[in-house]
């Protein structure tokens, strides 16, 4: 009778060890899979931030030509775009421009405060929503 019990214990040990190894390998695979998407999300966020910076440069350019510029336009940058929303205080100084850029569902929402006379950026603040 003891010979059968030893064989049973060895068989159960092999099954348990195999299950633990299988779980370890599968979880390692999922970690690699998830990190791939994490890197992709990070690259998308960097791209949307670059689009927002391009819109900010456009605001500064428009203000250099016309100090009464109030925003409210979509800027096309190749296949991508960003949006300069209407200034929050269109006749004041300093003027606050909300900017939104989206790339692959990665949003960058920025409130930029600009001194209209000197055309200096007073503040640049990324916010959750506009």
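In my numbering, the protein residues as written are -17 to 112.
Each residue gets a CB set at the ideal place from its N, CA and C atoms; glycine is no exception.
These numbers come from a predicted model, not from an experiment.
ask   = Which two residues bound the contiguous beta strand (DSSP E) that contains residue 85?
value = 77 to 85
Alpha carbon of residue 31 to alpha carbon of residue 38, nearest angstrom = Each residue's alpha carbon lies about 11 Å from the other.
task = Return the Cβ separation of residue 68 and residue 52 in integer angstroms, given the expectation that the two are a contact with Cβ distance under 8 Å.
result = 6 Å
message = I need the straight-line Cα distance from residue 65 to residue 9, nearest angstrom please.
response = 41 Å
task = Excluding the 5 residues preceding and the 5 following residue 0 in the sequence, name in chain order all residues of the same chain whose CB lies nearer than 7 Å to its CB.
result = none
request  = Rounded to whole angstroms, what's the CA-CA distance from residue 43 to residue 77? Just pull it up for me.
outcome  = Cα to Cα, residue 43 sits roughly 15 Å from residue 77.
ask   = If residue 24 and residue 85 are in contact, beta carbons under 8 Å, what's the gap, nearest whole angstrom?
value = Their Cβ separation, rounded to whole angstroms, is 12 Å, which puts residue 24 and residue 85 out of contact at 8 Å.
query = If you draw a straight line from the alpha carbon of residue 75 to that of residue 98, how long is it in whole angstroms?
reply = 6 Å
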